[in-house]
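K.L.:
Residue numbers (my numbering), protein chains in the order written: chain A, 1 to 372; chain B, 373 to 789. For every residue, glycine included, the Cβ atom is placed at its ideal position computed from N, Cα and C. As the structure is a prediction and not an experimental result, all values here were calculated from the model. This is the structure I have questions about; it appears just below.
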């Protein structure tokens, strides 16, 4: 059976060949990186090489890269490292930031109709209370791909004694991500969004103190206990080293072509964040009243894998909190589809999408009914 | 060169060097496990939480099959298995999770001085938050005295955490008896089974276990994955540590790493199938190693009980040698002087000290871990090299010389520096 065309790279990306080779090679070795004998030292070497690659890629010091089990853990670690600071988050953060922050009484900054955080509102939240704050603002939204003014927010936050954490899980590998250019105090990155295996991520800091979540052996300079996931970390390093932002330009070309063809075929299509800077690979749109759920199913039957909002919401599908935060109503949010592309997508994938889309969206009378 | 070596009949029986004797630190990923995982890296790469397309479904199906394999190993229901990033996370989640949930009702935790560092550190952290923690001693054989446990439980006790098998000395705690005591007193019982699962039979119902931590890389599965068994009837309540998408029944958010879940499941299935015969094989290797050393070296001491012990572990102190020198003398053997987590430190093992092992002997201990890929050749090679190294170090030792002359070293009053 031919596999469906994969257009859901923001949910997870296929493992890159370089990363797969690194993982496999490390899986064939034995060794706990904390052991002092040769096996242990080899495992540690693999891990430290990956750490250097990641540090160089995001412009951080090697010792400030803390490997975690993924983006969610890294975000959890960043928020708890704020200690007694009050939390301020944007309304479109990933659930791993938004849910615990709101549960802890965080203030929530609004976004505009394009899905960009309202810096004036953010500033007023930072200034409204003399207690020091921790601001959490993502670099690129996972549903709309819309980029956030992190550098401006960080400058503003620092001017008022606040720290800024940036969730860059969706950004690394797709656009340039540089800790010092962003001015962020900490950065979350995720392996499986950029072609490393699932189960590895990192919190990268500028040296700001981290309050460990997992306690135990002194791994990761006592900032994250637990035997390190050496094969996945080695794969992460290989995937980071293979990042090719020129290839992202090609992905952007495909995305733009799809967007133009969708809008040209049906002028009622609304593309979220179309007027602002977005990730090169992400297209989030609504095309009328059919629920996203129905459309995703229909596309899956037609051999195309996309998603409605984010993949993380286990259990029932609910309207995207990102789209409602942009001022759309719940009904509209329930129709939002996310197409997210990657390096291995081709023009013929775009053709296939449009062909399927036209069949699904065409009036029933004109459809060729398949035999029962 | 290599092919020549390999074809030489004289060298054929030589083990692969260095010989890996550190199976309690980590185990090689079994090639069968690697094979099971491979398709889920590249071809079947979906996010198991993607509900709306086939890539997600096939990943989810693989994760659920793995969950069932883990459950089967410990007699649990698959709904009671939560995936984590490893046993350290499982232990942190179990202890802090139950304590935090109970904090307004119960504020007392009981554990044992010989637990893994991640259990002890979680408990110390809870003490800073205001919880009371009782650290139970162990007997000289490394085992818990059940009467001491019974006496420590109060109506304020929220959780008892006792490891099933110790990572340094391999002793097996009386888990079923502890489970019965905890159930009778209405206390949640957590066991860190990182070193036990797949090595000895475990049954969460027969042993009345409420929470059990499992590690992937200790049972020939991959690193970066573990599990926590969480009893549903009677339900164990605990607070999550990692929040977000609400995966794993809300106990643990984050995208599940499908290949690693598959690897842990396969590792459990293999362990379940082969545990009986493997235990016998390892026990005979272990006995060969211990008797081989004892036959050629006087004044060596086994730390921890020999019978209540997993078959793949020995922990031996060699009197009259110096620890660092011993490690340097057996460079062709990958062994550890204590747990991997603390192996960079020169402190003597807190586990051995808890057994009452004298400081000098605690400094000269070796943990010899055998496992699935250990061979008789490995064992014989280890005997030969440890005996040589110890004999050479003792020849240079004035203490050894005095001991041979019949001087009781403890009776000497050393001059103060």
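1. What separation, rounded to the nearest whole angstrom, lies between the Cα atoms of residue 331 of chain A and residue 144 of chain A?
2. For residue 95 of chain A, decide whether its Cβ has a neighbour in chain B, counting only Cβ atoms nearer than 8 Å.
3. Just to make sure I have the definition right: I need the residues of chain A whose C-beta is within less than 7 Å of the C-beta of residue 685 of chain B. Which are they?
4. Report yes if the C-beta distance between residue 708 of chain B and residue 35 of chain A is below 8 Å; otherwise report no.
5. Cβ of residue 737 of chain B less than 8 Å from any chain A Cβ?
6. List, in chain order, every chain B residue whose beta-carbon is nearer than 9 Å to that of residue 61 of chain A.
7. Consult DSSP for residue 402 of chain B and reduce its assignment to one of helix, strand or coil.
8. From the DSSP output, which residues share a beta bridge with residue 140 of chain A?
9. Buried or exposed: which applies to residue 700 of chain B, given that a residue is buried once 16 or more other Cβ atoms fall within 10 Å of its Cβ?
10. Quick check on the DSSP output: the beta strand (DSSP E) that includes residue 504 of chain B runs from which residue to which?
11. Per the DSSP calculation, residue 544 of chain B is bridged to which residue(s)?
12. Check for me: the beta strand (DSSP E) holding residue 792 of chain B runs from which residue to which?
13. Please confirm whether residue 791 of chain B has its beta-carbon closer than 8 Å to some beta-carbon of chain A.
14. Can a CB atom of chain A be found closer than 8 Å to the CB of residue 727 of chain B?
15. When we look at the beta-carbon of residue 773 of chain B and count the other beta-carbons within 10 Å, is it buried (16 or more) or exposed?
16. State the CB to CB distance for the pair residue 229 of chain A and residue 595 of chain B, rounded to an integer number of angstroms; the pair is presumed to be in contact (CB under 8 Å).
17. Under 6 Å Cβ to Cβ from residue 81 of chain A, same chain only, skipping five residues before and after it: list those, please.
18. Which stretch, first to last residue, makes up the beta strand (DSSP E) that contains residue 285 of chain A?
19. Just to confirm the assignment, what range does the alpha helix (DSSP H) spanning residue 72 of chain A have?
20. For the region 470-493 of chain B, enumerate the residues whose C-beta is nearer than 9 Å to any C-beta of chain A, in chain order.
21. Measure the alpha-carbon distance for residue 437 of chain B versus residue 506 of chain B and round it to whole angstroms.
22. If you count every other CB in all the chains shown that lies within 10 Å of the CB of residue 720 of chain B, and 16 or more means buried, which is it?
23. To the nearest angstrom, how far is the alpha carbon of residue 546 of chain B from that of residue 624 of chain B?
24. Who are the near neighbours of residue 631 of chain B in its chain, counting only those whose CB is closer than 6 Å to its CB and skipping five residues on each side?
25. Taking only beta-carbon positions, decide if residue 394 of chain B is within less than 8 Å of chain A.
26. Pull up the distance between the alpha-carbon of residue 177 of chain A and that of residue 685 of chain B, whole angstroms please.
27. Against chain A, with Cβ distances strictly below 8 Å, would residue 632 of chain B count as a contact?
28. Let me make sure I understand the geometry here. Which of B:563, B:768, B:392 and B:637 has the alpha-carbon closest to that of residue 441 of chain B?
29. Give the straight-line distance between the Cα atoms of residue 676 of chain B and residue 395 of chain B, rounded to the nearest whole angstrom.
30. Can you round the beta-carbon distance between residue 611 of chain B and residue 469 of chain B to whole angstroms, since I take them to be within the 8 Å contact cut?
31. Here's the rule I'm using: 16 or more other beta-carbon atoms within 10 Å means buried, otherwise exposed. How should residue 221 of chain A be labelled?
32. Find the nearest neighbour of residue 493 of chain B within the set B:620, B:628, B:533 and B:418, judged by alpha-carbon distance.
33. Among A:102, A:257, A:156 and A:141, which one has its Cα closest to the Cα of residue 126 of chain A?
34. Answer yes or no: do residue 103 of chain A and residue 89 of chain A have a C-beta to C-beta separation smaller than 8 Å?
35. If you measure between the beta carbons of residue 8 of chain A and residue 757 of chain B, is that distance less than 8 Å?
36. To which residues does DSSP link residue 705 of chain B through a beta bridge?
P.N.:
In terms of the structure at hand:
1. One-based indexing of the first chain puts residue 331 of chain A at position 331. One-based indexing of the first chain puts residue 144 of chain A at position 144. Near 17 Å, if we compare the C-alpha coordinates of residue 144 of chain A and residue 331 of chain A.
2. Walking along the first chain from the start, residue 95 of chain A turns up at place 95. Yes, residue 95 of chain A counts as interfacial toward chain B.
3. Translated into positions along the second chain, residue 685 of chain B becomes position 313. Per Cβ cutoff of 7 Å: no residues; residue 685 of chain B is ~15 Å from chain A at best.
4. Here residue 708 of chain B refers to the residue found at position 336 when the second chain is read from its first residue. Here residue 35 of chain A refers to the residue found at position 35 when the first chain is read from its first residue. Taking 8 Å as the Cβ cut-off, residue 708 of chain B and residue 35 of chain A qualify as a contacting pair.
5. Numbered from 1 along the second chain, position 365 holds the residue referred to as residue 737 of chain B. Using beta-carbon distances, residue 737 of chain B does not count as an interface residue toward chain A, since no partner is under 8 Å.
6. For the purposes of this step, residue 61 of chain A is identified with residue 61 of the first chain, where counting begins at 1. Under the 9 Å cutoff, chain B gives no residues; its nearest Cβ is about 22 Å from residue 61 of chain A.
7. For the purposes of this step, residue 402 of chain B is taken as the residue at position 30 of the second chain. It is coil, neither helix nor strand.
8. Position 140 of the first chain, counted from the start, is the residue given in the question as residue 140 of chain A. A:147, per the DSSP bridge assignment.
9. Position 328 of the second chain holds residue 700 of chain B. Counting Cβ neighbours within 10 Å, residue 700 of chain B comes out exposed, since fewer than 16 surround it.
10. On the second chain, residue 504 of chain B is found 132 positions in, with the first residue counted as 1. Per DSSP, the continuous beta strand (DSSP E) segment holding residue 504 of chain B begins and ends at 504-508.
11. For the purposes of this step, residue 544 of chain B is identified with residue 172 of the second chain, where counting begins at 1. Answer is B:537, bridged to residue 544 of chain B.
12. Outside the shown range of chain B, which is 373 to 789, sits residue 792 of chain B, and nothing can be said about it.
13. Here chain B has residues from 373 to 789 only, and residue 791 of chain B is not among them.
14. If you number the second chain from 1, residue 727 of chain B lands on position 355. Not an interface residue.
15. The sequence position of residue 773 of chain B within the second chain is 401, counting from 1. Counting Cβ neighbours within 10 Å, residue 773 of chain B comes out exposed, since fewer than 16 surround it.
16. Taking the first chain and counting its residues from 1, one reaches residue 229 of chain A at position 229. Taking the second chain and counting its residues from 1, one reaches residue 595 of chain B at position 223. Going by Cβ atoms, the distance from residue 229 of chain A to residue 595 of chain B rounds to 5 Å, so yes, they are a contact pair.
17. The sequence position of residue 81 of chain A within the first chain is 81, counting from 1. Closer than 6 Å at Cβ, skipping near neighbours: 210 and 211.
18. By 1-based counting over the first chain, the position of residue 285 of chain A is 285. In the DSSP assignment, residue 285 of chain A falls within the beta strand (DSSP E) that extends over 282-286.
19. As a first step, residue 72 of chain A is located in the first chain; it is residue number 72 there, counting from the start. In the DSSP annotation of this structure, the continuous segment of the alpha helix (DSSP H) that includes residue 72 of chain A starts and ends at 71-80.
20. Residues 488, 489, 490, 491, 492 and 493.
21. In the second chain, residue 437 of chain B corresponds to position 65, counting from 1. In the second chain, residue 506 of chain B corresponds to position 134, counting from 1. Put simply, the backbone Cα of residue 437 of chain B is about 39 Å away from that of residue 506 of chain B.
22. If you number the second chain from 1, residue 720 of chain B lands on position 348. Classification of residue 720 of chain B: buried, given that the 10 Å Cβ count is 16 or more.
23. Within the second chain, residue 546 of chain B is the residue found at index 174, counting from 1. Within the second chain, residue 624 of chain B is the residue found at index 252, counting from 1. Distance between the alpha carbons of residue 546 of chain B and residue 624 of chain B: 30 Å.
24. The residue you call residue 631 of chain B lines up with position 259 of the second chain. Closer than 6 Å at Cβ, skipping near neighbours: 409, 412 and 413.
25. Counting from 1 along the second chain, the entry for residue 394 of chain B is found at position 22. For residue 394 of chain B, at least one C-beta of chain A is nearer than 8 Å to its own C-beta.
26. Residue 177 of chain A sits at position 177 when you count from the first residue of the first chain. Residue 685 of chain B sits at position 313 when you count from the first residue of the second chain. Cα-Cα distance, rounded: 47 Å.
27. As a position in the second chain, residue 632 of chain B is number 260, starting the count at 1. For residue 632 of chain B, the answer is yes, since a Cβ of chain A falls inside 8 Å of its Cβ.
28. Residue mapping note: residue 441 of chain B aligns to position 69 of the second chain, counting from 1. The candidate whose alpha carbon is nearest that of residue 441 of chain B is B:637.
29. By one-based count along the second chain, residue 676 of chain B stands at place 304. By one-based count along the second chain, residue 395 of chain B stands at place 23. If I take the Cα positions, the gap works out to 17 Å.
30. The residue you call residue 611 of chain B lines up with position 239 of the second chain. The residue you call residue 469 of chain B lines up with position 97 of the second chain. Distance from residue 611 of chain B to residue 469 of chain B at the Cβ level is roughly 5 Å; contact confirmed, criterion being Cβ atoms closer than 8 Å.
31. Position 221 of the first chain, counted from the first residue, corresponds to residue 221 of chain A. Looking at its Cβ environment, which holds fewer than 16 other Cβ atoms inside 10 Å, residue 221 of chain A is exposed.
32. Residue 493 of chain B sits at position 121 when you count from the first residue of the second chain. Residue B:533 is the option with its Cα nearest to residue 493 of chain B.
33. Within the first chain, the letter at position 126 stands for residue 126 of chain A. Nearest in C-alpha terms to residue 126 of chain A, of all of A:102, A:257, A:156 and A:141, is A:156.
34. What you label residue 103 of chain A is simply residue 103 of the first chain in a count that begins at 1. What you label residue 89 of chain A is simply residue 89 of the first chain in a count that begins at 1. No, the pair does not count as a contact, with Cβ atoms beyond the cut-off.
35. Mapped onto the first chain, residue 8 of chain A falls at position 8. Mapped onto the second chain, residue 757 of chain B falls at position 385. No; because the gap between Cβ atoms is not below 8 Å, this pair is not in contact.
36. Numbered from its first residue, the second chain carries residue 705 of chain B at position 333. DSSP, once it has assigned bridges, lists B:391 as partnering residue 705 of chain B.
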